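Under our numbering, the residues of the sequence shown are numbered 29 to 220, in order.
Cβ atoms here follow ideal geometry from the backbone N, Cα and C, with glycine treated the same way.
Given the structure is predicted, the values throughout are model-derived calculations rather than measurements.
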Amino acid sequence: MNGNVYKIIYNLLLKPASGLEEVNSRKPWLLLLFLLMAVNASRVVGGAVALSMCGGPGRVMLIYGLGLGFPVMIIACFTITGIFHLSAEFWKAEGSSRELFLLLGFCMTPVLFITPLSLIARGFGSAAIFFFILFTAGINIWAAIMSVLAIRKTYCCTVELALRIFFAPLFLVFIVFVMLPVVILLGAVAFI
């Protein structure tokens with residue numbers, strides 16, 4: 029099993045399409061649970077290091093993040109899977125939400141690098157926060173690309189449809205939480 033674990037993680041990091049294919053064929057649910065725990069720990073420790081670079085309460089984040097972070101992450105995974113599945117249903121794509129949950133969970137593999145990269149960023153002195161943000165953005169883009177691959181794999185669709193499924197909920201959130209308040213505010217100002 030150890031060789032399989034290393035092979036899956038290696039493929040996910042260096043050959044995401046074949047790594048997701050392997051995850052889909054093997055269905056390693058227990059590995060997913062351990063991966064999500066490790067991702068949560070990496071995210072919390074990396075965030076605590078970044079917060080301490082700003083003079084913030086890094087220890088407080090560490091304590092609360094390790095305690096509450098994992099259940100919140102599981103709830104977020106279910107929520108994101110449901111939103112993407114609903115978006116796929118809207119675009120008339122067919123696939124399994126269970127498969128999507130599994131693949132999206134493994135798409136968080138790059139987040140394991142947040143802690144080491146935050147420690148590297150800390151070495152940049154006054155530019156540490158800039159490099160932390162840069163590294164974190166790169167990791168999030170990497171995970172987003174893997175998520176689009178997971179959507180494409182789950183729904184057997186084109187890249188274009190996978191991108192629509194991925195960005196439709198983000199566009200809706202932008203409309204509701206950014207554009208709608210701006211329009212309401214402009215309407216209120218014009219009314220006064």
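- Annotated as proximal: LEU41 and THR137, with beta-carbon spacing under 8 angstroms.
- CA-CA distance, GLU188 to ALA121, rounds to 12 angstroms.
- A direct Cα-to-Cα measurement between PRO44 and MET174 gives close to 7 angstroms.
- Cβ-Cβ distances below 7 angstroms link THR182 to GLY123, SER124, GLU127, LEU128, LEU131 in the same chain, with the five nearest sequence neighbours on each side left out; the list follows chain order.
- Listed in chain order, the alpha helix (DSSP H) elements of length 4 or more contained wholly in the stretch 91–162 are 125–134, 142–150.
- In the displayed model, GLY166 falls within a helix according to three-state DSSP.
- Excluding its 5 nearest sequence neighbours in each direction, VAL201 has no C-beta neighbour in its own chain below 8 angstroms.
- Counting every other CB atom within 10 Å of its CB across the protein chains shown gives SER146 a total of 16 or more, marking it as buried.
- GLY31 carries a helical assignment under DSSP once its states are collapsed to helix, strand and coil.
- In its chain, beyond the 5 residues on either side, LEU79 have a beta carbon closer than 8 angstroms to the beta carbon of PRO85.
- Rounded to whole angstroms, the gap between the alpha carbons of CYS185 and THR164 is 29 angstroms.
- In the DSSP assignment, PHE219 falls within the alpha helix (DSSP H) that extends over 208–219.
- A residue is called buried when at least 16 other Cβ atoms come within 10 angstroms of its Cβ; ALA116 meets this threshold and is buried.
- About 6 angstroms separates the beta carbon of LEU140 from that of VAL67, a gap short enough to meet the 8 angstroms contact definition.
- DSSP, reduced to helix, strand and coil, places PRO85 outside both helices and strands of the structure shown, so it counts as coil.
- Residue environment: SER46 is assigned as exposed (fewer than 16 neighbouring CB atoms within 10 Å of its CB, all protein chains considered).
- Rounded to whole angstroms, ALA76 and TRP170 show a C-alpha spacing of 22 angstroms.
- Within its own chain, the residues whose Cβ lies closer than 7 angstroms to the Cβ of VAL33, once the five positions on either side in sequence are excluded, are LEU59, listed in chain order.
- About 6 angstroms separates the CB atoms of ILE193 and TRP119; that is less than 8 angstroms, so the two are in contact.
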